[in-house]
Each structure stands twice: as C-alpha cells, then as structure tokens.
Amino acid sequence: MKLKHSYNYITGSFIQALIPILFYPILTKITDKESFGKLVTAIAFSTILSYLFSLGLPAIISRQLIFDKRNASKLKKYIDSVSKFILLFLLIFNLIIYFFNICYTIKLFILIISGSIFLAFAQIKLSIYRAEFKSLNFIFLAVSSNGLPLIITTF
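The end of the sequence shown is residue 819 by our numbering, with every number in the run present.
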C-alpha cells in the first residue's frame, strides 16, 4: 500500500517538474524579454518568500500528525479554518487590486506577497496530505500550486 503512494509521489514530482519545461517555451514566444523576466522573477520571489512565510510549520505539522494521534483532528480543523480565512482574504485582496487602478510596481509587489502566502499554505496542506498518505490529493495540490501561475499567465 505504501509503495503505491511512493509511485504516486514520484509521478506527481515528475509532472510538477514537467510543467515549467512545457510552459516556458510558450511564454517566451508570447511575451517580450522584459515581461518574461518580470514574471519569472515574481515566481522566484514568491517561491522563496513562501518558505519564509510557512515558518517551518510543514515539518512540525507532519510530526504532530504522525506522533500525536489524539490531537490530530483538532490540528487539522484549526489549519483548515485558518487556511480558508487566509485564502478568502487573498481572493478579496487580489480582486481589489485587479479592479482599482494601482501602480504596476505596487501591483506586482502585492501579487508576489499574496502568491507566496498562498504557496506557504499550500506547503502546509501538502505536509498534511503526506502525513496522512493521501498521495492523490498531494499530487493535485502540488501540481496545481506549481503550474497554476504559469497556466494563467500563458492563457
């Protein structure tokens, strides 16, 4: 059973690595050098900041879910409620900057910060899926959190 999960994780990692390889050539054809550079820089900063914003929680949560079975359900409920609140806040925040005329640099900064907060919570959720051996959920979230920015900007 656990071996099946390992194959799923390997497949998910492969797909996750394949997405940029497929979309970067498309992006370089439809954007100019400056726009592509800004996009890749924004994605890089979002990824780096997401590790800072997660505060090392994925490792702590995984350990707690594995070794403290009594409080695991309370921890998951708490994380789900906080995640829903943060995602709703990010959605509203991004809709506001989308509909209002804001300087491009400020808009880019806000998108980088909100993207990194989203990725931080995705990392936390991924650690829960990994600890619970929910490999298909893990693959879906990992691939979508990695590929969604590229797919959205491509189309």
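The beta carbon of each residue, even a glycine, is placed where N, CA and C say it ideally should be.
Query raised in the report: So what's Ser-718 in DSSP terms, helix, strand or just coil?
Result: It is coil, neither helix nor strand.
Query raised in the report: Pick from Thr-769, Gln-728, Phe-797, Gly-779: whose alpha carbon is nearest that of Phe-753?
Result: The closest CA to that of Phe-753, considering only Thr-769, Gln-728, Phe-797, Gly-779, is found on Gly-779.
**Report entry** Euclidean distance between Cα positions of Ile-725 and Thr-705
**Finding:** 30 Å
**Report entry** Length of the line joining the Cα atoms of Leu-751 and Phe-782
**Finding:** 7 Å
Query raised in the report: Is Tyr-671 helix, strand or coil when you go by DSSP?
Result: helix
**Report entry** For Leu-716 and Phe-819, the rounded distance between their alpha carbons
**Finding:** With a pLDDT of only 47 at Phe-819, under 50, the local geometry of the prediction cannot be trusted, and the value read off the model is given with reservation. In a straight line, the C-alpha of Phe-819 is about 30 Å away from that of Leu-716.
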